[in-house]
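First residue of the sequence shown? That's 1 in this note's numbering, and the numbers climb one at a time after it.
Where is the CB? At the ideal position from N, CA and C, for every residue including glycine.
Working notes, structure below.
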Amino acid sequence: MPGYGRRIAHPLDFSDQHSLRRTLGVPAVTTRMCLDSAFSTTLSASLRRLAVFRVNRRPALRRLITAALSRVHIGGDGFAVRVDAVNSDRHAALALTGNGQSRATALVAAHVTRTVLAGTLPTGIHHIDQLPALAGIPEQLAAHGILPHIMPG
């Protein structure tokens, strides 16, 4: 991952894996993420594999786990997200790196909202990867310190 060396980035079930597959007409899309702390990244992936986050459906357990995890601070706020799309011998990949993953999510939401409010998008319900008017979001994020990296396939 850019900025993190040969660190393992664990796959996460983001919705783009499903919508990008249809939008691009490819059989496989994988989204991976790592944090600036190798321990935090591995811990998060392990807890996800053990289905620990499914307790989020139970309010009392959610509060208990949130309280416990909010006291743990390992590493900083750096992150890297990588998306790979594969179709036979063709492979495309894009990574984003920066600080403050929640801030990055908010910036994407702000860019999308601004475009929606400007009235330049087609009517209907779409995923953002289906709207060419939003294709420049990775470059727009660069102005906020979240850097896009086109990865070798």
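Could you say which of the options lies nearest to residue i if we only look at CA atoms?
i    : options                : result
T120 : A110, L131 and H127    : L131
T30  : H144, R48, A135 and A9 : A9
S88  : P11, R22, V26 and R21  : V26
L141 : P152, I125 and A104    : A104
H126 : R49, A68 and V112      : V112
G78  : T97, S70 and L61       : T97
G145 : R90, I137 and P152     : I137
Where do the N-terminal and C-terminal ends of the alpha helix (DSSP H) with residue i fall, by residue?
i    : result
R49  : A38 to R49
P148 : Premise fails: P148 lies in the beta strand (DSSP E), L147 to M151, not in any alpha helix (DSSP H).
Round the Cβ separation of residue i and residue j to the nearest angstrom and send it over; I've been treating them as touching at under 8 Å.
i   : j    : result
V81 : A95  : 7 Å
T23 : D129 : 5 Å
A28 : V83  : Not quite, the Cβ-Cβ distance comes to about 11 Å (not below 8 Å), so this is no contact.
Report the rounded CA-to-CA distance for residue i versus residue j, giving the unit in angstroms.
i    : j    : result
S19  : S40  : 28 Å
E139 : P148 : 7 Å
Would you give the residue range spanned by the beta strand (DSSP E) that residue i belongs to?
i   : result
H91 : R90 to N99
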